[in-house]
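**Student:** Supplied in structure tokens, the structure appears directly below.
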Amino acid sequence: MAGVLDPDTLDSLDARINSVPDFSQRPLPATPPEIQRPKVKETKSHITVDNIFLAANVDRIKDAFLRSSKHTKRYPGSSDKTPKQAAVLVPFCLISGEPAVIFILRPGDLSNHGAEVCFPGGMVQSSDTDRAHTAIRETVEEIGLDGNQISVWGQLPPIPGHNWQTFITPVVGYCGKVNLPTLRVNHKEVADLFSITVESLCNPVNLKYTRFRGTTTGSYTLPAFLGGRYRVWGLTGMMLHLSLLHVAPGMYSFRKVDFLKRQSW
Amino acid sequence: MISIVGTLARRGVPRYSRSLQNVRQRCFSSGSESSKVGDITGISLSQPVSWLPIPRYATVKDQESNTHITRLENGLTVASAEQFGNFCTVGVLIDSGSRYEGPYPSGITHFLEKLSFSSTAKFANKDEILQRLEEHGGVCDCQGSRDTLIYAASASTTGVAEVVELLSEAVLQPKITLEELEATRAAIGFELDTLDMKPDPDILMVEYLHAAAYWNNTLGLPKVCPQENLSVIDRELLYTFMSNYHTPKRMVLAGVGIKHEELLKQAEKYFVSATPAWKMDGEQVNDKFGQDLSISQYTGGIVTVEKDLSNVTLGPSQMPELTHFIIGLEGCSHEDPDFVSYCVLHTIMGGGGSFSAGGPGKGMYTRLYTNVLNRHHWMHNAMAQHHAYRDSGIFAIQAAAAPSMMRELVEVIAKEFVSIRHGIGSTELERAKTQLQSILMMNLEMRAVVFEDIGRQVLASGKRYSAQYFYDKIAKVTEADVIRVADRMLASKVSVAFFGDLSYTPTLEEIQKALHSKDGRIPRKFSLFK
Numbered sequence: 001m002a003g004v005l006d007p008d009t010l011d012s013l014d015a016r017i018n019s020v021p022d023f024s025q026r027p028l029p030a031t032p033p034e035i036q037r038p039k040v041k042e043t044k045s046h047i048t049v050d051n052i053f054l055a056a057n058v059d060r061i062k063d064a065f066l067r068s069s070k071h072t073k074r075y076p077g078s079s080d081k082t083p084k085q086a087a088v089l090v091p092f093c094l095i096s097g098e099p100a101v102i103f104i105l106r107p108g109d110l111s112n113h114g115a116e117v118c119f120p121g122g123m124v125q126s127s128d129t130d131r132a133h134t135a136i137r138e139t140v141e142e143i144g145l146d147g148n149q150i151s152v153w154g155q156l157p158p159i160p161g162h163n164w165q166t167f168i169t170p171v172v173g174y175c176g177k178v179n180l181p182t183l184r185v186n187h188k189e190v191a192d193l194f195s196i197t198v199e200s201l202c203n204p205v206n207l208k209y210t211r212f213r214g215t216t217t218g219s220y221t222l223p224a225f226l227g228g229r230y231r232v233w234g235l236t237g238m239m240l241h242l243s244l245l246h247v248a249p250g251m252y253s254f255r256k257v258d259f260l261k262r263q264s265w
Numbered sequence: 001m002i003s004i005v006g007t008l009a010r011r012g013v014p015r016y017s018r019s020l021q022n023v024r025q026r027c028f029s030s031g032s033e034s035s036k037v038g039d040i041t042g043i044s045l046s047q048p049v050s051w052l053p054i055p056r057y058a059t060v061k062d063q064e065s066n067t068h069i070t071r072l073e074n075g076l077t078v079a080s081a082e083q084f085g086n087f088c089t090v091g092v093l094i095d096s097g098s099r100y101e102g103p104y105p106s107g108i109t110h111f112l113e114k115l116s117f118s119s120t121a122k123f124a125n126k127d128e129i130l131q132r133l134e135e136h137g138g139v140c141d142c143q144g145s146r147d148t149l150i151y152a153a154s155a156s157t158t159g160v161a162e163v164v165e166l167l168s169e170a171v172l173q174p175k176i177t178l179e180e181l182e183a184t185r186a187a188i189g190f191e192l193d194t195l196d197m198k199p200d201p202d203i204l205m206v207e208y209l210h211a212a213a214y215w216n217n218t219l220g221l222p223k224v225c226p227q228e229n230l231s232v233i234d235r236e237l238l239y240t241f242m243s244n245y246h247t248p249k250r251m252v253l254a255g256v257g258i259k260h261e262e263l264l265k266q267a268e269k270y271f272v273s274a275t276p277a278w279k280m281d282g283e284q285v286n287d288k289f290g291q292d293l294s295i296s297q298y299t300g301g302i303v304t305v306e307k308d309l310s311n312v313t314l315g316p317s318q319m320p321e322l323t324h325f326i327i328g329l330e331g332c333s334h335e336d337p338d339f340v341s342y343c344v345l346h347t348i349m350g351g352g353g354s355f356s357a358g359g360p361g362k363g364m365y366t367r368l369y370t371n372v373l374n375r376h377h378w379m380h381n382a383m384a385q386h387h388a389y390r391d392s393g394i395f396a397i398q399a400a401a402a403p404s405m406m407r408e409l410v411e412v413i414a415k416e417f418v419s420i421r422h423g424i425g426s427t428e429l430e431r432a433k434t435q436l437q438s439i440l441m442m443n444l445e446m447r448a449v450v451f452e453d454i455g456r457q458v459l460a461s462g463k464r465y466s467a468q469y470f471y472d473k474i475a476k477v478t479e480a481d482v483i484r485v486a487d488r489m490l491a492s493k494v495s496v497a498f499f500g501d502l503s504y505t506p507t508l509e510e511i512q513k514a515l516h517s518k519d520g521r522i523p524r525k526f527s528l529f530k
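If you read the protein sequences in the order shown, they are chains A and B.
According to full-length UniProt numbering, the stretch in the first sequence is residues 1 to 265, in order.
According to full-length UniProt numbering, the stretch in the second sequence is residues 1 to 530, in order.
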């Protein structure tokens, strides 16, 4: 589920050349949640592609998610009953022996988030026990991973998407060794399946950002990850950024800008 | 039809070449003119006139000159190519423009363009600059686009030193007095009024397309100054913007018809040792704004602008009421390996107005004529556009028809996008490739176009590929390449703008569905009870 910028919400807006309308009808909160810098304990040992999935780091990752969930302010409205709830899985895995993250490209003819790069996931159903359950169930449905193979590390606070009508909880987990071509993909929901190595995601050459100007809400900046088959940006980029800060601190550092912070103009 | 160099570039030039090419032509000759003049009537036409200088003609060798590129210690890049003739075009291209205005109020580039070549540290006003150029038969021009700002002048080669000095003054030392600001506000205000009234909405449609395609970021920011910013933009803002973006590392000094050593010498003198006006003591620069080095993010989306266009007319006779439509998909950057294939596709689509078919050379046999305008009498125009920038691009088709025909119009255009994937006939492909090659070569015969081509290529990549390079690349484009780029762009989100009476326009979702159908049709809800 990517795309803060959902064109579905745009067509009703009156656009004039001198005031390009803002994509969201609800302003960003005045005080942005402090989720972009989780208080991660300084690790003495360096995290590298070789030890990232070893028990020591996995324990630290789980701990980091627990701690940040205590410290993080939530977006106003995220606990309301009214907005719809969704969950996605940020699937870390080993592909050809290399740590990587899996992404999907949604088909262009879908009315919601068509032609966008996303994580597997979907809407919460009443039968789901928790957000992790939703994320794993949708992952199994969409890309055919074995649900028993997925172990959950933790989750991030819900992020608003789709014009603040939906709140999406990113669940971060490990899927073990994966061979993408052998997965049974649901082609109705997935146009393409691809992965980017953690090494590439942490390579400063591939890390870019885009600053979006808001007319009433102040501006905000989103990360963009190049180097994959498709660019990862928008909400998916934001979730990936937050996940990497927990999973590979030090190895991943994107201190160029404070994402989602309000800026002048 | 917009030419390739309108495509093969955006590296292209149209506006420029026209103004800078209007320089008075001189005859190319060698030797002095001091010999005595005799009676011409007695000399046979087969004999040379003894007191006239011996003419020097251009040779093929002159046309193949290499581009010399040097990076100076302060980061400024100097690029030049020699060319036959005693006129030269020299200019400065800056990696600046409306895409960088994110943290600033929009319209700064528009102001800079209008304020160009006004009073500087050395010249009291624009007239002095023009007079100085006039001494060398020269003209100057400034053109701002979304990602490049160009200051350029053409003059006799005798005046190179003065032209470079003048450019340095215009780029680095603008005074921006209160009177000049007021005059600029008035000029831009007048321009906005004109835009609002004229029947041809091309400029607006391109603005809307970019706004839809790059929602609130970089290339989607308005290039035309918004009315409410006219009073906001002042010298401090302009100086702040320039201090952040107009640095030597982001500039190329390019010259055509000039020796590289000569240009280097002048560059050292006027661009390396100079201190820009915004770095002078007492000049205010606001630290709050800073630099925005965002990459452009294609988002797709829709912009709809309702306006009563029923009374827009050029003359006494009534024009038909039109609603204007533009539909774009993500194209590619001009550094992309597929760039030339997109240019060929652009030529295949072609198009124009239904009342000015032009000749065969102007695209009479392009798809938007043969499949669209010639078959649907109710369509007013249909034209393909290709905008390429450093990190992204848009491939678009603009069209217009009566407001009630909007759904049909969208279907006709969507069908053209879809049918590219069904194949390109070999005659059609060869025609487009030849046409593109000829447009490329014809354009590069103009000195001002060569100047802009060198400048833009060097600014974007630090290199310059020759015309032959692109000529050969065009020749290698196959049907599979064109279909591949069509698939690539159809995988992106659609960007749409409507302008005029919006009573009958389909939704963005319907348009997206039409593009993903087999025949470009908007899906219909079946109902037995109508």
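Beta carbons: idealized from backbone N, C-alpha and C, even for Gly.
Does any CB atom of chain B fall closer than 8 Å to the CB of A:SER111?
**Tutor:** Here the question's residue 111 of chain A lines up with position 111 in the first sequence. Output row for A:SER111: interface = yes.
**Student:** Is A:ARG211 close to chain B? Criterion is C-beta to C-beta, closer than 8 Å.
**Tutor:** On the first sequence, position 211 is the one that residue 211 of chain A refers to. Yes - at least one Cβ of chain B is within 8 Å of the one on A:ARG211.
**Student:** What is the DSSP secondary structure of B:GLN143, counted as helix, strand or coil?
**Tutor:** Within the second sequence, the letter at position 143 stands for residue 143 of chain B. Strand.
**Student:** Look at the alpha carbon of B:CYS88 and the alpha carbon of B:ALA124, and state the distance between them as a whole number of angstroms.
**Tutor:** The residue you call residue 88 of chain B lines up with position 88 of the second sequence. The residue you call residue 124 of chain B lines up with position 124 of the second sequence. Cα to Cα, the separation comes out at about 25 Å.
**Student:** In whole angstroms, give me the CA-to-CA distance for B:ARG185 and B:GLU135.
**Tutor:** The residue given as residue 185 of chain B occupies position 185 in the second sequence. The residue given as residue 135 of chain B occupies position 135 in the second sequence. Cα to Cα, B:ARG185 sits roughly 31 Å from B:GLU135.
**Student:** Rank A:ASN179, A:ARG229, A:GLY250, A:ALA248 by C-alpha distance to the C-alpha of A:VAL117 and give the top, closest one.
**Tutor:** What you label residue 117 of chain A is simply residue 117 of the first sequence in a count that begins at 1. Among A:ASN179, A:ARG229, A:GLY250, A:ALA248, the Cα nearest to that of A:VAL117 is on A:ARG229.
**Student:** Alpha carbon to alpha carbon, how far is B:PHE498 from B:LEU209? Give it in angstroms, no decimals.
**Tutor:** In the second sequence, the residue the question calls residue 209 of chain B occupies position 209. In the second sequence, the residue the question calls residue 498 of chain B occupies position 498. Straight-line Cα distance between these residues: approximately 9 Å.
**Student:** Just checking my contact of B:ALA494 with B:GLY300 at CB under 8 Å: how many whole Å lie between their CB atoms?
**Tutor:** If you number the second sequence from 1, residue 494 of chain B lands on position 494. If you number the second sequence from 1, residue 300 of chain B lands on position 300. Note on residue identity: the sequence assigns Val, not Ala, to residue 494 of chain B. Indeed, because the Cβ distance is near 6 Å, the residues count as touching under 8 Å.
**Student:** With three or more beta-carbon pairs closer than 8 Å as the criterion, would you say the segment 475–493 of chain B touches the segment 326–340 of chain B?
**Tutor:** Yes: at least three Cβ pairs fall under 8 Å.
**Student:** Sort B:TYR151, B:SER96, B:ALA432, B:ASN66 by Cα distance to B:ILE348 and report the nearest one.
**Tutor:** Walking along the second sequence from the start, residue 348 of chain B turns up at place 348. Of the candidates B:TYR151, B:SER96, B:ALA432, B:ASN66, the one whose C-alpha sits nearest the C-alpha of B:ILE348 is B:ALA432.
**Student:** What residue from B:ARG421, B:MET406, B:SER168, B:LEU130 has the CA that sits closest to B:GLU321's CA?
**Tutor:** One-based indexing of the second sequence puts residue 321 of chain B at position 321. When only C-alpha atoms are compared, the closest one is B:MET406.
**Student:** So, at 8 Å on beta carbons, what are the nonlocal neighbours of B:LEU508 in its own chain, with the 5 sequence-adjacent residues on each side left out?
**Tutor:** Within the second sequence, numbered from 1, the residue matching residue 508 of chain B stands at position 508. Same-chain partners within the cutoff: GLY301, ILE302, VAL494, VAL496.
**Student:** Give me the chain B residues within the contact set of A:LYS188, using Cβ-Cβ distance strictly less than 7 Å, ordered along the chain.
**Tutor:** Your numbering for residue 188 of chain A matches position 188 in the first sequence. Neighbours of A:LYS188 on chain B: none; closest Cβ ~13 Å, over 7 Å.
**Student:** The beta strand (DSSP E) with A:GLN149 in it runs from where to where?
**Tutor:** The residue labelled residue 149 of chain A in the question sits at position 149 within the first sequence. First-last for A:GLN149: undefined, no H or E at that position.
**Student:** Using only CA atoms, which one of B:ILE54, B:ARG146, B:GLY257, B:ASN381 lies nearest to residue 563 of chain B?
**Tutor:** With chain B represented from 1 up to 530, any question about residue 563 of chain B goes unanswered, as that position is not in the structure.
**Student:** Closest to B:THR323 by C-alpha separation, out of B:LYS307, B:THR275, B:GLY159, B:GLU416, would be which residue?
**Tutor:** Stepping through the second sequence from its first residue, residue 323 of chain B is reached at position 323. Comparing Cα-Cα distances from B:THR323 to each of B:LYS307, B:THR275, B:GLY159, B:GLU416, the minimum goes to B:LYS307.
**Student:** Rounded to a whole number of angstroms, what is the C-alpha to C-alpha distance between A:LEU13 and B:VAL139?
**Tutor:** As a first step, residue 13 of chain A is located in the first sequence; it is residue number 13 there, counting from the start. As a first step, residue 139 of chain B is located in the second sequence; it is residue number 139 there, counting from the start. For A:LEU13, the pLDDT reaches just 28, beneath the cut-off of 50, and the residue's location in the model is therefore unreliable, although a value from the coordinates is still provided. About 45 Å.
**Student:** Just reading off the beta strand (DSSP E) that B:SER156 is part of, what are its end residues?
**Tutor:** The count along the second sequence starts at 1 and reaches residue 156 of chain B at position 156. Looking at the DSSP string, the run of the beta strand (DSSP E) that includes B:SER156 is 149–156.
**Student:** Which residue's Cα is closest to the Cα of A:ILE61: A:HIS246, A:SER253, A:TYR252, A:PHE254?
**Tutor:** Taking the first residue of the first sequence as 1, we reach residue 61 of chain A at position 61. For the residues A:HIS246, A:SER253, A:TYR252, A:PHE254, the minimum Cα distance to A:ILE61 belongs to A:HIS246.
**Student:** Residues of chain B with CB under 8 Å from A:TRP233, in chain order?
**Tutor:** As a position in the first sequence, residue 233 of chain A is number 233, starting the count at 1. Per Cβ cutoff of 8 Å: GLN297.
**Student:** With 8 Å as the C-beta to C-beta threshold (strictly closer), list the residues of the segment 308–341 of chain B near chain A in chain order.
**Tutor:** Cβ contacts with chain A come from no residue of the segment 308–341 of chain B.
**Student:** DSSP state of A:PHE53, grouped into three classes?
**Tutor:** Sequence index remark: in the first sequence, residue 53 of chain A carries index 53 (1-based). In the structure shown, A:PHE53 sits in coil (DSSP, three-state: anything other than H, G, I, E or B).
**Student:** So, do the segment 176–191 of chain A and the segment 135–148 of chain A have three or more beta carbon pairs nearer to each other than 8 Å?
**Tutor:** Result yes; three or more Cβ-Cβ pairs closer than 8 Å.
**Student:** Strictly below 7 Å CB to CB, what residues from chain A border B:SER492?
**Tutor:** On the second sequence, residue 492 of chain B is found 492 positions in, with the first residue counted as 1. Result: ALA115.
**Student:** Which residue wins for smallest C-alpha separation from B:ALA212, given the options B:SER44, B:LEU264, B:LEU368, B:ILE394?
**Tutor:** As a position in the second sequence, residue 212 of chain B is number 212, starting the count at 1. Here the closest residue by C-alpha is B:ILE394.
**Student:** For B:GLU335, which of helix, strand or coil comes out of DSSP?
**Tutor:** Reading the second sequence from its first residue, position 335 is the one you call residue 335 of chain B. Reduced to three states, the DSSP call for B:GLU335 is coil.
**Student:** So what does A:LEU89 bridge to, in DSSP terms?
**Tutor:** Start at 1 with the first residue of the first sequence, and residue 89 of chain A comes out as number 89. A:VAL171, per the DSSP bridge assignment.
**Student:** Fully enclosed by the segment 97–130 of chain A, which beta strand (DSSP E) runs are 3 residues long or longer?
**Tutor:** Complete beta strand (DSSP E) runs here, min 3: 98–105, 121–123.
**Student:** Kindly indicate which three-state DSSP category B:ILE483 falls into: helix, strand or coil?
**Tutor:** The sequence position of residue 483 of chain B within the second sequence is 483, counting from 1. The answer is helix: DSSP assigns B:ILE483 an H, G or I state.
**Student:** Output, in sequence order along the chain, the residues in the segment 498–515 of chain B whose CB is closer than 7 Å to any CB in chain A.
**Tutor:** Listed by position along the chain: THR507, LEU508, GLU509, GLN512, LYS513.
**Student:** Give a yes or no on whether 8 Å exceeds the smallest Cβ distance from A:GLY227 to chain B.
**Tutor:** What you label residue 227 of chain A is simply residue 227 of the first sequence in a count that begins at 1. Chain B, which has no Cβ nearer than 8 Å to the Cβ of A:GLY227, makes this no.
**Student:** If you scan the segment 440–523 of chain B from start to end, which runs of the beta strand (DSSP E) of 3 or more residues do you find wholly inside it?
**Tutor:** Complete beta strand (DSSP E) runs here, min 3: 495–500.
**Student:** Residues in the same chain with beta-carbon distance under 6 Å from B:VAL418, minus the five sequence neighbours each way, listed in chain order, please.
**Tutor:** Within the second sequence, numbered from 1, the residue matching residue 418 of chain B stands at position 418. Here the set comprises GLY520.
**Student:** Could you name each continuous alpha helix (DSSP H) segment of 4 residues or more that falls completely within the segment 201–289 of chain B, going from the start of the chain to the end?
**Tutor:** Listed in chain order, the complete alpha helix (DSSP H) runs (minimum 4 residues) inside the segment 201–289 of chain B are 202–213, 235–245, 260–267.
**Student:** Could you tell me whether the segment 84–103 of chain A touches the segment 232–246 of chain A, using the rule of 3 or more Cβ pairs below 8 Å?
**Tutor:** Contact between the segment 84–103 of chain A and the segment 232–246 of chain A is present, because at least three Cβ pairs lie under 8 Å.
**Student:** Helix, strand or coil for B:MET364? Go by DSSP, reduced to three states.
**Tutor:** Start at 1 with the first residue of the second sequence, and residue 364 of chain B comes out as number 364. Three-state DSSP puts B:MET364 in coil, outside helix and strand.
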